[in-house]
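2 protein chains.
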Amino acid sequence: MVRLYKLLPDGRRQIVGFALAGDFLGLALLDRYGVSADTVTDAKVCRFDRRVFTGYMDGRPHLLRRLHELTSHELSLAQEQMVVLGRRSAEERLAVFLMSLLKRFTRLGQGSITLPLPMSRQDIADFLGLTIETVSRTFTKLAKNRTIIVVPDGVRLVDRARLEALAAG
Amino acid sequence: MVRLYKLLPDGRRQIVGFALAGDFLGLALLDRYGVSADTVTDAKVCRFDRRVFTGYMDGRPHLLRRLHELTSHELSLAQEQMVVLGRRSAEERLAVFLMSLLKRFTRLGQGSITLPLPMSRQDIADFLGLTIETVSRTFTKLAKNRTIIVVPDGVRLVDRARLEALAAG
DNA sequence: CGTGCGTTTGAGCTAATTCAATAGGAGTGG
DNA sequence: CCACTCCTATTGAATTAGCTCAAACGCACG
Numbered sequence: 579m580v581r582l583y584k585l586l587p588d589g590r591r592q593i594v595g596f597a598l599a600g601d602f603l604g605l606a607l608l609d610r611y612g613v614s615a616d617t618v619t620d621a622k623v624c625r626f627d628r629r630v631f632t633g634y635m636d637g638r639p640h641l642l643r644r645l646h647e648l649t650s651h652e653l654s655l656a657q658e659q660m661v662v663l664g665r666r667s668a669e670e671r672l673a674v675f676l677m678s679l680l681k682r683f684t685r686l687g688q689g690s691i692t693l694p695l696p697m698s699r700q701d702i703a704d705f706l707g708l709t710i711e712t713v714s715r716t717f718t719k720l721a722k723n724r725t726i727i728v729v730p731d732g733v734r735l736v737d738r739a740r741l742e743a744l745a746a747g
Numbered sequence: 579m580v581r582l583y584k585l586l587p588d589g590r591r592q593i594v595g596f597a598l599a600g601d602f603l604g605l606a607l608l609d610r611y612g613v614s615a616d617t618v619t620d621a622k623v624c625r626f627d628r629r630v631f632t633g634y635m636d637g638r639p640h641l642l643r644r645l646h647e648l649t650s651h652e653l654s655l656a657q658e659q660m661v662v663l664g665r666r667s668a669e670e671r672l673a674v675f676l677m678s679l680l681k682r683f684t685r686l687g688q689g690s691i692t693l694p695l696p697m698s699r700q701d702i703a704d705f706l707g708l709t710i711e712t713v714s715r716t717f718t719k720l721a722k723n724r725t726i727i728v729v730p731d732g733v734r735l736v737d738r739a740r741l742e743a744l745a746a747g
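Taken in sequence, the protein lines are chains L and G.
Residues in the first sequence are numbered consecutively from 579, following my numbering.
Residues in the second sequence are numbered consecutively from 579, following my numbering.
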């Protein structure tokens with residue numbers, strides 16, 4: 579797993595996404611793409627030289643179309659995250675986060691009772707626009723609810739319906 | 579000017595962007611693109627049938643490349659806005675908003691002493707993840723600072739350096 | 001000259017933050 | 001195997017930025 583983030587000069591960090599196996603990073607092909615990345619877990623990364631890559635795509639319009647699809651999808655996710663960051667409560671943010679991670683893992687065939695959370699609380703906080711303490715308290719609250727069970731490096735989604743409802747807003 | 583937004587079931591709204599003259603809407607070409615739009619000021623809009631448009635692009639890879647560029651740029655803006663929504667104070671949000679609008683108007687050759695703000699305070703609030711009252715108070719604060727002067731339907735950016743500094747974080 | 005709507009201002013509240021202390025492992029060395 | 005350290009996470013207490021509710025303002029329009 580890879581975290582993608584942007585930093586402000588004073589050190590504030592916003593994680594703009596987590597990349598899982600098979601995800602394409604740096605979709606934009608912009609001259610300067612202002613997002614940093616580092617690994618959360620060990621990861622195999624395949625790097626392309628931009629010139630070579632764009633050269634390769636010339637004459638292969640289907641590839642470019644695919645790249646555009648991926649970028650569009652990413653844009654759509656980013657806009658969804660804008661709603662999360664701009665308009666949702668801490669509890670809702672966490673619910674959205676857990677459900678969307680669950681869906682992504684499930685798509686990768688890694689669906690399981692326990693949702694792995696390899697990233698730190700700080701990472702989650704920086705993704706959701708919260709502090710580490712608020713993330714921790716919100717986990718505790720959901721656990722007291724019997725909505726989730728917090729386990730080492732993950733959570734069990736006990737009451738998925740309740741999480742869905744929270745995530746729906 | 580057009581506002582682009584997403585709604586939650588309970589009516590909370592997040593404006594994901596404002597489109598100005600020449601901007602391309604619905605870049606994604608996804609089956610369902612979950613963003614609504616309406617006009618802030620009168621606007622001429624050119625609509626393309628998606629089938630026709632994608633058909634037209636086949637065999638014109640430069641067009642697709644251009645579309646991808648635009649989408650990438652939009653993604654980049656969305657990620658920047660995620661930083662704004664996730665990590666910045668009300669004052670910083672407003673500064674970023676004003677400076678980026680200024681730059682866009684300037685690019686369109688509409689640079690002027692007064693920055694027009696045709697959208698309502700509610701629109702600004704829903705774009706910046708704030709309430710209308712906080713937006714209003716922050717305008718007042720910047721005005722007392724002599725950073726801006728609030729005028730009908732706009733602001734004069736008196737101390738642009740200070741705004742830049744705020745926007746830089 | 002009202003009436004209506006968007007904006008500003010005021011006062012009090014609260015969700016989330018900040019600051020501080022404690023707890024829980026994982027890894028290390030005796 | 002235990003003691004110790006380090007680091008992350010949790011919990012607690014106090015603070016605050018921004019929100020909510022409410023009132024006043026100001027202007028366009030009939």
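All C-beta atoms in this analysis are idealised placements derived from N, C-alpha and C, irrespective of residue type, glycine included.
In this text the structure is predicted, and so the values were computed from the model without any measurement.
Pair within 8 Å by beta-carbon distance, residue i and residue j
{"i": "residue 617 of chain G", "j": "residue 580 of chain G", "result": "yes"}
{"i": "residue 669 of chain L", "j": "residue 716 of chain L", "result": "yes"}
{"i": "residue 713 of chain L", "j": "residue 720 of chain L", "result": "no"}
{"i": "residue 683 of chain L", "j": "residue 648 of chain L", "result": "no"}
{"i": "residue 686 of chain L", "j": "residue 599 of chain L", "result": "yes"}
{"i": "residue 656 of chain G", "j": "residue 656 of chain L", "result": "yes"}
{"i": "residue 641 of chain G", "j": "residue 650 of chain L", "result": "no"}
{"i": "residue 544 of chain G", "j": "residue 674 of chain L", "result": "What the structure shows of chain G is the stretch from 579 to 747, and residue 544 of chain G is not part of that stretch, so it cannot be assessed."}
{"i": "residue 747 of chain L", "j": "residue 586 of chain G", "result": "yes"}
Residue i - DSSP class collapsed to helix/strand/coil
{"i": "residue 714 of chain G", "result": "helix"}
{"i": "residue 622 of chain G", "result": "coil"}
{"i": "residue 675 of chain L", "result": "helix"}
{"i": "residue 595 of chain G", "result": "strand"}
{"i": "residue 581 of chain L", "result": "strand"}
{"i": "residue 654 of chain G", "result": "helix"}
{"i": "residue 615 of chain L", "result": "strand"}
{"i": "residue 644 of chain L", "result": "helix"}
{"i": "residue 668 of chain L", "result": "helix"}
{"i": "residue 602 of chain L", "result": "coil"}
{"i": "residue 663 of chain L", "result": "helix"}
{"i": "residue 587 of chain L", "result": "coil"}
{"i": "residue 633 of chain L", "result": "helix"}
{"i": "residue 680 of chain G", "result": "helix"}
{"i": "residue 638 of chain G", "result": "coil"}
{"i": "residue 628 of chain L", "result": "helix"}
{"i": "residue 610 of chain G", "result": "coil"}
Minimum C-alpha distance to residue i - residue among the options
{"i": "residue 741 of chain G", "options": "G/596, G/680 and G/635", "result": "G/680"}
{"i": "residue 724 of chain L", "options": "L/739, L/665, L/685 and L/711", "result": "L/739"}
{"i": "residue 743 of chain G", "options": "G/588, G/671 and G/626", "result": "G/671"}
{"i": "residue 698 of chain L", "options": "L/709, L/691 and L/688", "result": "L/709"}
{"i": "residue 591 of chain L", "options": "G/666, G/703 and G/727", "result": "G/666"}
{"i": "residue 704 of chain G", "options": "L/701, L/662 and L/745", "result": "L/662"}
{"i": "residue 596 of chain G", "options": "G/587, G/588, G/690 and G/582", "result": "G/582"}
{"i": "residue 695 of chain L", "options": "L/722, L/735 and L/660", "result": "L/735"}
{"i": "residue 727 of chain L", "options": "L/745, L/702 and L/676", "result": "L/676"}
{"i": "residue 733 of chain G", "options": "G/745, G/611, G/746 and G/718", "result": "G/718"}
{"i": "residue 653 of chain G", "options": "G/624, G/585, G/604 and G/589", "result": "G/604"}
{"i": "residue 722 of chain L", "options": "L/737, L/731 and L/711", "result": "L/737"}
{"i": "residue 701 of chain L", "options": "G/646, G/664 and G/688", "result": "G/664"}
{"i": "residue 606 of chain G", "options": "L/688, L/730 and L/643", "result": "L/643"}
{"i": "residue 729 of chain G", "options": "G/691, G/747, G/746 and G/646", "result": "G/691"}
{"i": "residue 626 of chain L", "options": "L/620, L/635 and L/619", "result": "L/635"}
{"i": "residue 610 of chain L", "options": "L/588, L/711, L/628 and L/589", "result": "L/628"}
{"i": "residue 612 of chain G", "options": "G/584, G/745 and G/711", "result": "G/584"}
Near the ligand FAD: residue i beta-carbon under 7 Å from a heavy atom
{"i": "residue 635 of chain G", "result": "By its list of ligands, the structure shown contains no ligand whatsoever, and the ligand FAD lies outside what it can speak to."}
Length-filtered (3 minimum) beta strand (DSSP E) runs lying within the region 693 to 744 of chain L: Taken in chain order, the unbroken stretches of beta strand (DSSP E) that lie wholly in the region 693 to 744 of chain L and span 3 residues or more are 726 to 729 and 732 to 735.
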